[in-house]
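19 is the number of the first residue of the sequence shown in this note's numbering; add one for each residue after it.
One structure below.
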Amino acid sequence: MELYSTKHISPNVMLDEAVKNGLPPDNGLYMPIRMEKMKDEFFQNIHKMSFNEIAFEVLSHLFKDYISASDLQNIIDKAFGFDAPIHWLEDEIGILELFHGPTLAFKDFGARFMGRLLEYFLRNNKEVVDILVATSGDTGSAVAHGFLNVKGIRVTILYPKDKVSEIQEKQFATLGANIRVLEVNGTFDDCQAMVKRAFLDEELQAALTLSSANSINIARLLPQSLYYFYAYSRLPHQELPLVFSVPSGNFGNLTAGLFAKELGLPIFKMIASNNDNDIFTQYLETGEFQPKPSVQTISNAMDVGNPSNFFRILDLFQNDWKAIKEVIEAYSFDDEQTEQAIKDVYAQYGYIMCPHTAVGYLGMKAYRDSTHLKANYLVLSTAHPVKFGEIVEGIIEQVVEVPERLNEVLGTQKLSIPMENDYSAFKIFLMQNK
Ligand SMILES: *Cc1c(COP(=O)(O)O)cnc(C)c1O
19 MELYSTKHIS PNVMLDEAVK NGLPPDNGLY MPIRMEKMKD EFFQNIHKMS
69 FNEIAFEVLS HLFKDYISAS DLQNIIDKAF GFDAPIHWLE DEIGILELFH
119 GPTLAFKDFG ARFMGRLLEY FLRNNKEVVD ILVATSGDTG SAVAHGFLNV
169 KGIRVTILYP KDKVSEIQEK QFATLGANIR VLEVNGTFDD CQAMVKRAFL
219 DEELQAALTL SSANSINIAR LLPQSLYYFY AYSRLPHQEL PLVFSVPSGN
269 FGNLTAGLFA KELGLPIFKM IASNNDNDIF TQYLETGEFQ PKPSVQTISN
319 AMDVGNPSNF FRILDLFQND WKAIKEVIEA YSFDDEQTEQ AIKDVYAQYG
369 YIMCPHTAVG YLGMKAYRDS THLKANYLVL STAHPVKFGE IVEGIIEQVV
419 EVPERLNEVL GTQKLSIPME NDYSAFKIFL MQNK
């Protein structure tokens with residue numbers, strides 16, 4: 019599988035290099051060349067296949083013979099093994115629950131697959147690879163768990179002090195082993211800026227083998243395409259138009275849906291559902307992409323002022339704003355609307371949503387109310403509500419039950435290291451702790 023850079027300056031690379039490097043040297047983003055459509059036969063049989071069988075078909079189609087069938091099967095079996103069920107609120111409205119993995123968020127799919135893929139590519143490597151991750155919450159826990167004790171890899175997670183929930187922090191900041199955690203006195207954008215700068219720092223590059231596990235890494239994105247196929251396979255009415263609403267921050271999840279569409283999945287519309295960080299919504303309205311500092315909301319994993327996958331979307335549509343508008347619809351909602359949606363859905367259906375899922379629900383509803391289209395509406399549920407328990411419980415005035423697998427990580431000791439919002443302090447830390 020060959021990949022190019024969205025900036026078209028760096029040469030094409032093969033998958034292992036793209037996964038190891040994270041970003042191309044020209045600071046673009048890696049994109050797979052030639053995504054050919056899956057065969058009709060695959061779609062005819064898809065309803066009979068398990069998640070892992072669908073994963074195998076799609077990934078072997080993408081990778082061609084780059085990874086042998088038995089190695090790929092092994093990676094898939096180690097990475098996945100949790101369900102992605104649809105909870106139907108009504109005949110046409112389903113919640114695609116992507117939070118049944120170990121850290122209760124959809125990021126488990128990407129992070130666990132990337133951990134196993136990287137382990138495979140590094141199997142003959144002698145040096146340790148340093149993964150740098152900026153997180154606004156869920157990436158940290160998914161990557162920490164996805165890479166915990168993976169051979170040949172050391173992870174450094176940066177997160178904004180006081181801006182992630184207590185449960186999130188405990189999920190990634192208490193593991194130890196090959197997972198190091200820095201608590202940065204700044205915002206998520208500051209954390210992301212430090213990571214981006216590290217990748218462009220030649221001195222660091224010479225001293226360490228750096229890689230990223232943010233949603234900019236292609237190994238995180240590809241497996242996220244899989245649950246779009248899986249959701250389609252479980253529809254009782256496959257003949258209806260298919261509309262996905264995606265609660266979005268860095269737009270990795272939405273981009274993965276666009277990949278699925280490229281691969282032939284009959285997606286009619288993608289809805290980019292945003293909170294007050296409305297950069298993409300503005301872009302669709304005006305045609306201008308204007309990153310802004312992020313603002314804090316109750317859907318904090320989507321508090322992103324400069325969505326990093328934007329240029330992948332632009333590239334997929336060859337910079338054609340009109341073509342993008344034909345496939346993607348965008349809406350933004352504030353915290354008050356989000357809270358109301360959590361309350362309404364609980365009252366009407368007895369179903370509890372996390373704030374991110376609630377933003378997705380609102381996007382779906384806005385689109386449905388304006389078009390009256392008869393369709394399969396699937397809202398991606400990106401996290402279990404208990405991860406945002408304090409907020410959700412305050413709104414519905416009910417206790418959210420803690421699933422067993424989360425209890426296991428709570429109450430352990432926080433191991434994060436305080437860090438100023440200062441690139442040179444970060445660099446010194448990396449150089450001194452090789
Ligand atoms: C990361 C995250 C998002 C945003 O996903 P992107 O791929 O960055 O757009 C939404 N909800 C939750 C719970 C998340 O953790």
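Using N, Cα and C, we set each Cβ at its ideal position, and we do this for glycine too.
The model shown is predicted, which means the values in this text are computed figures rather than measured ones.
For the beta strand (DSSP E) that residue i lies in, which residues bound it at each end?
i: L150; result: V147 to A152
i: P50; result: Y48 to P50
i: G112; result: I111 to E115
i: S251; result: Not the beta strand (DSSP E): S251 falls in the alpha helix (DSSP H), residues I236 to S251.
i: S312; result: Here S312 belongs to no beta strand (DSSP E), and DSSP marks it neither H nor E.
Does the beta carbon of residue i fall short of 7 Å from some heavy atom of ligand 1?
i: G164; result: no
i: G267; result: yes
i: H65; result: no
i: G368; result: no
i: D156; result: yes
i: L150; result: no
i: N451; result: no
i: M382; result: no
i: H374; result: yes
i: G412; result: no
i: A123; result: yes
i: L396; result: no
i: T356; result: no
i: L272; result: yes
i: A341; result: no
i: T400; result: yes
i: A359; result: no
i: A319; result: yes
Specify, as a first and last residue, the run of the alpha helix (DSSP H) that residue i falls within.
i: L77; result: F69 to F81
i: N63; result: D58 to N63
i: A484; result: Nothing can be reported for residue 484, as the shown portion of the chain is limited to 19 through 452.
i: K452; result: Where K452 is concerned, there is no enclosing alpha helix (DSSP H), given that its DSSP letter is neither H nor E.
i: T375; result: P373 to T389
i: V37; result: L33 to N39
i: R172; result: Careful: R172 lies outside any alpha helix (DSSP H), inside the beta strand (DSSP E) at I171 to P178.
i: M132; result: K125 to F139
i: M217; result: According to the sequence displayed, residue 217 carries Phe and not Met. Looking at the DSSP string, the run of the alpha helix (DSSP H) that includes F217 is F206 to F217.
i: K340; result: W339 to V345
i: S88; result: A87 to A97
Would a C-beta distance cut-off of 8 Å place residue i and residue j closer than the cut-off?
i: N232; j: T157; result: yes
i: M320; j: R238; result: no
i: N268; j: V377; result: no
i: F127; j: L116; result: yes
i: T174; j: L193; result: no
i: V397; j: Y379; result: yes
i: P421; j: V404; result: yes
i: L166; j: H402; result: no
i: M382; j: S251; result: no
i: Y245; j: L114; result: yes
i: I289; j: V313; result: no
i: V182; j: M437; result: no
i: L218; j: G170; result: no
i: L33; j: F81; result: yes
i: V261; j: Y395; result: yes
i: H26; j: M56; result: no
i: I51; j: E71; result: no
i: L276; j: L332; result: no
i: L302; j: I236; result: no
Quick test of your reading: residue i and residue j, contact by CB under 8 Å. State the CB separation rounded to the nearest angstrom.
i: G270; j: Q242; result: 7 Å
i: F247; j: A278; result: 6 Å
i: T375; j: T400; result: 6 Å
i: L176; j: Y367; result: With 8 Å as the limit, L176 and Y367 do not qualify as a contact, their Cβ atoms being about 38 Å apart.
i: F329; j: L47; result: 6 Å
i: I360; j: I414; result: 6 Å
i: F98; j: F69; result: 6 Å
i: K432; j: A191; result: 5 Å
i: G155; j: N318; result: 6 Å
Is it the case that the CB of residue i approaches a heavy atom of ligand 3 more closely than 7 Å?
i: A231; result: For ligand 3, the structure offers nothing, since it holds only ligand 1.
Check whether the Cβ of residue i lies closer than 8 Å to any Cβ atom in chain B.
i: S243; result: Absent here is chain B; the protein component of the structure consists of one chain.
inquiry  = If contact is defined by three or more beta carbon pairs under 8 Å, each pair taking one atom from either stretch, is the segment 178-198 in contact with the segment 151-168?
reply    = Touching, yes, given that three or more Cβ pairs across the two stretches are closer than 8 Å.
task = Check whether the segment 88-96 touches the segment 207-219, taking contact to mean three or more Cβ pairs, one atom from each stretch, closer than 8 Å.
result = By the C-beta criterion, the segment 88-96 is judged not to be in contact with the segment 207-219, since fewer than 3 inter-stretch pairs fall below 8 Å.
query = Okay, do the segment 143-151 and the segment 223-232 touch, 3+ Cβ pairs below 8 Å being the bar?
reply = Contact between the segment 143-151 and the segment 223-232 is present: three or more C-beta pairs spanning the two stretches fall below 8 Å.
message = Any contact between the segment 33-46 and the segment 59-75? By contact I mean 3 or more CB pairs, one from each, below 8 Å.
response = Here the segment 33-46 does not lie against the segment 59-75, with fewer than 3 beta-carbon pairs under 8 Å apart.
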